[in-house]
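Enquirer: Residue numbering for the sequence shown is 0 to 283, as defined by numbering that gives the first Met the number 0.
Every residue gets a Cβ at the ideal spot worked out from N, C-alpha and C, and that includes glycine.
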Amino acid sequence: MKIYEKAPAKINLLLDVLRKREDGYHEVEMIMTMVDLADRLEMEELPRDTIIISSQVGYIPLDEKNLAFQAARLIKERYDVRKGVYIHLDKKIPVAAGLAGGSSDAAATLRGLNRLWDLNISEDELCELGAELGSDVPFCVTGGTAIARGRGEKLEHIGPPPQCWVVLAKPPINVSTADVYGRLRANELKHHPSIPAMREALTQGSFQDMCAGLGNVLETVTLEMYPEVLQLKESMLRLGADGVLMSGSGPTVFGLVSKEAKLPRIYNGLRGFCKEVYVVRMLT
Ligand SMILES: C[C@](O)(CO)[C@H](O)COP(=O)(O)OP(=O)(O)OC[C@H]1O[C@@H](n2ccc(N)nc2=O)[C@H](O)[C@@H]1O
Ligand SMILES: Nc1ncnc2c1ncn2[C@@H]1O[C@H](COP(=O)(O)OP(=O)(O)OP(=O)(O)O)[C@@H](O)[C@H]1O
0 MKIYEKAPAK INLLLDVLRK REDGYHEVEM IMTMVDLADR LEMEELPRDT
50 IIISSQVGYI PLDEKNLAFQ AARLIKERYD VRKGVYIHLD KKIPVAAGLA
100 GGSSDAAATL RGLNRLWDLN ISEDELCELG AELGSDVPFC VTGGTAIARG
150 RGEKLEHIGP PPQCWVVLAK PPINVSTADV YGRLRANELK HHPSIPAMRE
200 ALTQGSFQDM CAGLGNVLET VTLEMYPEVL QLKESMLRLG ADGVLMSGSG
250 PTVFGLVSKE AKLPRIYNGL RGFCKEVYVV RMLT
C-alpha cells in the first residue's frame, strides 16, 4: 500500500523575538500560515526493517540528515515499529529558503506513517514528536494559521488570513537559521511587530491591515548580511506588491497582492534578476 502526503511551505506573517533563553533557543512570537507550494511525499512499507529516502533533486541529504528520515526513525523508535519504509520526496519547496521545507517534510512523514502503520497517534502527540525534530515542525503537523510561542512549538490556532496572492522570490544565497539567530541582538531590538494588531487584521479579514502589520525582527540580521534581500523587498514593493516581508530567517521574500492584474508585472520584473519566483495562494 502507498500513502501520499502533501507538505506545504509556511510563511511567517509576523516574527518577533522576545529574548534569548538559557537553553540557547529564542523565545518567539510568530504568526504562521501555509501557502499552496508543496512537496509531495510517497510512502510505502518495505519488507526489511530499514528507512530509505529518495528525491528527484540531488541537492538535499538522503541519509539520516534528512528530516523525513529523522521523523521516520523517531516514530519507529517511540512506537516500537519493526517495519521498514521507503519515502520518496518530490521537492517543490526551495531548500534553505525560510519556507520550512524540511520541517514540512518531517511533519508529513509523521502524519503519513501514523496512517500507514495504523498507529492512532493523536495530533497533539504528533506535535510533541515534531518538536523533537525542529521548532517549526509542530506547526507543519497541524497546518492552518497559528500564533506560535515558546521556541515555536506552542500553538494557538486562529482564523485564516484574507485570501490573496503570494509572490515568493528566493535569491540565490543560502542562509543558516542558527547563524541568523546567533547574530541577533534580541535585547537591542527597537521595533517589535504587534501580534494583537495582526490578529485583529486577520479577525476582521482586512487585507490592508494585514499588509500594514507585517514584521520580522530577523530582517535586522539577514538584510544587513545580505543587502540583496533588502533590494529584493524594495523591488517587490516598487513593482506593485501591497505588502512585503522576509519569511523566517530568509532569504525568501514574499509579497502579498490583492489584485490578480498586478501579478504579471511583479513576476516578470522579479524574474529579470531572480531565478526562483513563485506565484501561489494562501492555503485557507
Ligand atoms: C526561523 C523559523 O523558521 C521561523 O518560523 C523558526 O524560528 C526556526 O525553526 P527551525 O528551522 O525548525 O529551527 P530549529 O531546527 O529548531 O533550530 C535551528 C537553530 O535555530 C535557532 N533557533 C531556532 C528557533 C528558536 N526559537 N530559537 C533559536 O535560537 C537555534 O540556534 C537552533 O539551533
Ligand atoms: N527533507 C528535506 N528537504 C530539504 N532540506 C532538508 C531536508 N532534510 C534536511 N534538509 C537540510 O536542511 C537544511 C535546511 O533546509 P530547509 O529547506 O528545511 O530550510 P528552511 O526552509 O530555511 O527551514 P526553516 O524555515 O524551518 O528554517 C538544508 O540545508 C538541507 O540540507
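If you measure between the beta carbons of residue 96 and residue 9, is that distance less than 8 Å?
Expert: Taking the sequence shown and counting its residues from 1, one reaches residue 96 at position 97. Taking the sequence shown and counting its residues from 1, one reaches residue 9 at position 10. No, the pair does not count as a contact, with Cβ atoms beyond the cut-off.
Enquirer: Cβ of residue 57 versus every heavy atom of ligand 1: is any distance shorter than 7 Å?
Expert: On the sequence shown, residue 57 is found 58 positions in, with the first residue counted as 1. Checking every heavy atom of ligand 1 against the Cβ of residue 57, none is found closer than 7 Å.
Enquirer: Note down, in chain order, each residue of its chain lying with its Cβ closer than 6 Å to the Cβ of residue 30, except the 5 sequence neighbours on either side.
Expert: For the purposes of this step, residue 30 is taken as the residue at position 31 of the sequence shown. Contacts found: 12, 13, 146, 197.
Enquirer: Could you give the C-beta distance for residue 269 and residue 245, rounded to a whole number, given that I count them as a contact under 8 Å?
Expert: For the purposes of this step, residue 269 is taken as the residue at position 270 of the sequence shown. For the purposes of this step, residue 245 is taken as the residue at position 246 of the sequence shown. The pair is not a contact, with the Cβ atoms about 15 Å apart (cut-off 8 Å).
Enquirer: Excluding the 5 residues preceding and the 5 following residue 33 in the sequence, name in chain order all residues of the same chain whose CB lies nearer than 6 Å to its CB.
Expert: On the sequence shown, residue 33 is found 34 positions in, with the first residue counted as 1. In its chain, beyond the 5 residues on either side, 7, 9, 142, 282 have a beta carbon closer than 6 Å to the beta carbon of residue 33.
Enquirer: For residue 2, report the span of its beta strand (DSSP E) as first-last.
Expert: Here residue 2 is taken as the residue at index 3 of the sequence shown, counted from 1. Residues 1-19.
Enquirer: Excluding the five sequence neighbours on either side, which residues of its own chain have a C-beta within less than 6 Å of the C-beta of residue 179, listed in chain order?
Expert: Here the question's residue 179 lines up with position 180 in the sequence shown. 217, 220, 221, 248, listed in sequence order.
Enquirer: Tell me whether residue 144 sits in a helix, a strand or coil according to DSSP, three-state version.
Expert: On the sequence shown, position 145 is the one that residue 144 refers to. In the structure shown, residue 144 sits in a strand (DSSP, three-state: E or B).
Enquirer: The beta strand (DSSP E) spanning residue 201 covers which residue range?
Expert: Numbered from 1 along the sequence shown, position 202 holds the residue referred to as residue 201. Taken as a continuous stretch (DSSP letters only), residue 201 belongs to no beta strand (DSSP E), being part of the alpha helix (DSSP H) at 194-203.
Enquirer: Just the C-alpha distance for residue 250 and residue 102, rounded to the nearest angstrom, thanks.
Expert: Within the sequence shown, residue 250 is the residue found at index 251, counting from 1. Within the sequence shown, residue 102 is the residue found at index 103, counting from 1. Answer to the nearest angstrom: the Cα atoms are 16 Å apart.
Enquirer: When you compare the CB positions of residue 84 and residue 124, do they come within less than 8 Å of one another, or not?
Expert: On the sequence shown, residue 84 is found 85 positions in, with the first residue counted as 1. On the sequence shown, residue 124 is found 125 positions in, with the first residue counted as 1. For residue 84 and residue 124, no; Cβs fall outside 8 Å.
Enquirer: If you compare alpha carbons, which of 55, 86, 57, 59 is closest to residue 70?
Expert: Translated into the one-based positions of the sequence shown, residue 70 becomes position 71. The shortest Cα separation from residue 70 among 55, 86, 57, 59 belongs to 86.
Enquirer: Is the beta carbon of residue 100 within less than 7 Å of some heavy atom of ligand 2?
Expert: Taking the first residue of the sequence shown as 1, we reach residue 100 at position 101. Indeed, a heavy atom of ligand 2 lies less than 7 Å from the Cβ.
Enquirer: Using the Cβ count rule (16 or more neighbours within 10 Å means buried), how would you classify residue 108?
Expert: In the sequence shown, counting from the first residue as 1, residue 108 sits at position 109. When all chains shown are included, residue 108 counts as buried.
Enquirer: Are the CB atoms of residue 166 and residue 276 within a distance shorter than 8 Å?
Expert: Stepping through the sequence shown from its first residue, residue 276 is reached at position 277. Stepping through the sequence shown from its first residue, residue 166 is reached at position 167. Yes, the pair counts as a contact, with Cβ atoms nearer than the cut-off.
Enquirer: Residues in the same chain with beta-carbon distance under 6 Å from residue 4, minus the five sequence neighbours each way, listed in chain order, please.
Expert: Against the sequence shown, residue 4 aligns to sequence position 5. The residues are 40, 107, 110, 111.
Enquirer: Check the C-beta distance from residue 45 over to residue 52 and give it rounded, since I have them as a contact under 8 Å.
Expert: Locating residue 45 in the sequence shown gives position 46, where the first residue counts as 1. Locating residue 52 in the sequence shown gives position 53, where the first residue counts as 1. Contact flag wrong, Cβ pair sits at about 12 Å.
Enquirer: Quick one: is the Cβ of residue 156 within less than 7 Å of any heavy atom of ligand 1?
Expert: Within the sequence shown, the letter at position 157 stands for residue 156. Because no heavy atom of ligand 1 lies under 7 Å away, the Cβ of residue 156 does not count as near it: no.
Enquirer: Report the three-state DSSP secondary structure of residue 68 (helix, strand or coil).
Expert: Residue 68 sits at position 69 when you count from the first residue of the sequence shown. DSSP places residue 68 in helix when its eight states are reduced to three.
Enquirer: Within the present structure, is the beta-carbon of residue 150 separated from the nearest heavy atom of ligand 1 by less than 7 Å?
Expert: Looking up residue 150 in the sequence shown gives position 151. For residue 150, the Cβ falls inside the 7 Å cut-off from some heavy atom of ligand 1.
Enquirer: Of all the alpha helix (DSSP H) runs that stay within the bounds of the region 104-187, which reach a length of 4 or more residues?
Expert: 122-132, 136-141, 176-182
Enquirer: May I ask whether a heavy atom of ligand 1 can be found less than 7 Å away from the beta carbon of residue 279?
Expert: For the purposes of this step, residue 279 is taken as residue 280 along the sequence shown, with counting starting at 1. No, the beta carbon of residue 279 sits no closer than 7 Å to any heavy atom of ligand 1.
Enquirer: At a threshold of 7 Å, does residue 60 count as lining ligand 2 (C-beta to nearest heavy atom)?
Expert: Within the sequence shown, residue 60 is the residue found at index 61, counting from 1. Yes, the beta carbon of residue 60 sits closer than 7 Å to at least one heavy atom of ligand 2.
Enquirer: Can you tell me which of 77, 212, 78, 137 puts its alpha carbon nearest to the alpha carbon of residue 105?
Expert: For the purposes of this step, residue 105 is taken as the residue at position 106 of the sequence shown. Ranking 77, 212, 78, 137 by Cα distance to residue 105 puts 137 first.
Enquirer: Measuring from the CB of residue 215, is there a heavy atom of ligand 2 at a distance below 7 Å?
Expert: Indexing the sequence shown from 1 puts residue 215 at position 216. It does not: the Cβ of residue 215 is nowhere closer than 7 Å to a heavy atom of ligand 2.
Enquirer: Just to confirm, are residue 210 and residue 241 a CB contact at a threshold of 8 Å?
Expert: Translated into the one-based positions of the sequence shown, residue 210 becomes position 211. Translated into the one-based positions of the sequence shown, residue 241 becomes position 242. Taking 8 Å as the Cβ cut-off, residue 210 and residue 241 qualify as a contacting pair.
Enquirer: By how many angstroms is the C-alpha of residue 186 removed from the C-alpha of residue 18?
Expert: Sequence index remark: in the sequence shown, residue 18 carries index 19 (1-based). Sequence index remark: in the sequence shown, residue 186 carries index 187 (1-based). Cα to Cα, residue 18 sits roughly 7 Å from residue 186.
Enquirer: Comparing C-alpha positions only, which one of 130, 74, 132 sits nearest to residue 119?
Expert: For the purposes of this step, residue 119 is taken as the residue at position 120 of the sequence shown. Checked all of 130, 74, 132; the closest Cα to residue 119 is 74.
Enquirer: So, is residue 190 buried or exposed, given that buried needs 16 or more other C-beta atoms within 10 angstroms?
Expert: Looking up residue 190 in the sequence shown gives position 191. Residue environment: residue 190 is assigned as exposed (fewer than 16 neighbouring CB atoms within 10 Å of its CB, all protein chains considered).
Enquirer: Mind checking whether the beta-carbon of residue 135 lies closer than 7 Å to any heavy atom of ligand 1?
Expert: Position 136 of the sequence shown, counted from the first residue, corresponds to residue 135. Residue 135: yes, Cβ under 7 Å from ligand 1.
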